[in-house]
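Student: Every letter in the sequence shown is one number past the one before it in our numbering, and letter 227, counting from 1, is 349.
Ideal placement from N, C-alpha and C gives every residue a C-beta, glycine not left out.
Pasting a structure below so you can have a look.
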Amino acid sequence: MIEISDSSPHKAMAKEMLFSFDNEANSETSNPLPIQCHSIRSLILVLLVSLLQVAWVRVDTQTILSIHHNVITQNPRISLTYNDHRSWYLHIRDVEESDRGWYMCQVNTDPMRSRKGYLQVVVPPSIVESLTSNDMVVREGTNVTLTCKAKGFPEPYVMWRREDGDEMAIGGENVNVVDGEVLHITRVSRLHMAAYLCVASNGVPPSISKRVQLRVQFPPMLSIPSQLEGAYLGQDVILECHTEAYPASINYWTTERGDMIISGKSLSSS
């Protein structure tokens, strides 16, 4: 039987698996055991047997872990306990990804009998920063590629979306989500300027995301709500001009002669 003992605040994802000697020897369990890497403090493999010599073996490396009362492996995370010579416990503390694989218990009957079980160690996703895009500034009209690389086990699912929830104009279509590690934008425009989220998940909590700010440079655009204003002599007047640019433009007013108008100063005509 496989039991999970967890002293951390995380919940174990599998509780037990029974090794039975009622059937043919050397059969394998059908379902792997998912174990949270870096969360499970102790994995206990339990074999219920009578007073016989019991051994635990790591199948893929052909490493003998224990023989009866003695731990053979030099791995300090592995220990052995037993109860009334009927229940044998192989303890693996601080489970690591390298512990993933097949384990076999053997009993020295004649002929020898054994059972195998697969330990599946699952790992929550993480972002590979060295292979993932950072904030960028690009010119309007250029092509942009945002890349997000994630690792974990099972292999994470990666998607891109805008942080503000707006649709993205990608390939002539408006979409909310782009699946995959790469987000490619052809002929980027100022409308693409936003914060983008790369989200990675693999069913092992927590999911993780990275925020990438895309800034698009474009020249100033001017709009004047009213191109003709009238006022009485001595009356105050406000002239309004709207500008749009990135980076922000430096705006000023001039007279028809090209003289700069300083805000707050009176202007006389001749």
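Please tell me whether Tyr368 and Gln339 are closer than 8 Å, where the distance is taken between their beta carbons.
Tutor: In the sequence shown, the residue the question calls residue 368 occupies position 246. In the sequence shown, the residue the question calls residue 339 occupies position 217. In this structure, Gln339 lies closer than 8 Å to Tyr368 by Cβ.
Student: Taking buried to mean at least 16 other C-beta atoms within 10 Å of its own C-beta, is Ile384 buried or exposed?
Tutor: Working through the sequence shown from its first residue, we reach residue 384 at position 262. Its Cβ having fewer than 16 others within 10 Å, Ile384 is exposed.
Student: Could you compute how far the alpha carbon of Ser345 sits from the alpha carbon of Glu362?
Tutor: Indexing the sequence shown from 1 puts residue 345 at position 223. Indexing the sequence shown from 1 puts residue 362 at position 240. Using only the alpha carbons, I get a separation of about 9 Å.
Student: Between Asp301 and the rest of its own chain, which residues show a CB-CB distance below 6 Å, the 5 nearest in sequence each way excluded?
Tutor: Taking the first residue of the sequence shown as position 1, residue 301 is located at position 179. Excluding positions up to five away in sequence, the list reads Met281.
Student: Can you tell which of Asn296, Asn298, Pro233, His190 has the C-alpha that lies nearest to the C-alpha of Trp210?
Tutor: Taking the sequence shown and counting its residues from 1, the one referred to as residue 210 is at position 88. Ranking the options by Cα distance to Trp210, first place goes to His190.
Student: Are Ser248 and Lys273 close, meaning C-beta to C-beta below 8 Å?
Tutor: Taking the first residue of the sequence shown as position 1, residue 248 is located at position 126. Taking the first residue of the sequence shown as position 1, residue 273 is located at position 151. Contact flag set, yes.
Student: Shortest alpha-carbon distance to Gln175 belongs to which of Glu303, Arg208, Pro342, Ile214?
Tutor: For the purposes of this step, residue 175 is taken as residue 53 along the sequence shown, with counting starting at 1. Measuring from the Cα of Gln175, the nearest candidate turns out to be Arg208.
Student: If I follow the unbroken beta strand (DSSP E) through His213, where does it start and stop?
Tutor: As a first step, residue 213 is located in the sequence shown; it is residue number 91 there, counting from the start. That run of the beta strand (DSSP E) goes 209-215.
Student: Give the list of continuous beta strand (DSSP E) stretches no shorter than 3 residues that lie fully inside the region 274-335.
Tutor: Correct list: 279-284, 290-292, 295-297, 304-307, 316-323.
Student: Would you list the one or two residues that DSSP bridges to Cys227?
Tutor: Numbered from 1 along the sequence shown, position 105 holds the residue referred to as residue 227. Answer is Trp178, Arg237.
Student: Could you have a look at Glu366 and say whether DSSP puts it in helix, strand or coil?
Tutor: For the purposes of this step, residue 366 is taken as residue 244 along the sequence shown, with counting starting at 1. Three-state result, Glu366: strand.
Student: Could you name the residues that DSSP lists as bridge partners for Arg261?
Tutor: Numbered from 1 along the sequence shown, position 139 holds the residue referred to as residue 261. Answer is Gln339.
Student: With 16 as the cutoff for other CB atoms within 10 Å, does Arg222 come out buried or exposed?
Tutor: Position 100 of the sequence shown holds residue 222. Burial call: buried.
Student: In terms of residue numbering, what span does the beta strand (DSSP E) encompassing Val266 cover?
Tutor: The sequence position of residue 266 within the sequence shown is 144, counting from 1. It spans 266-269 - the beta strand (DSSP E) in which Val266 sits, taken as one unbroken run.
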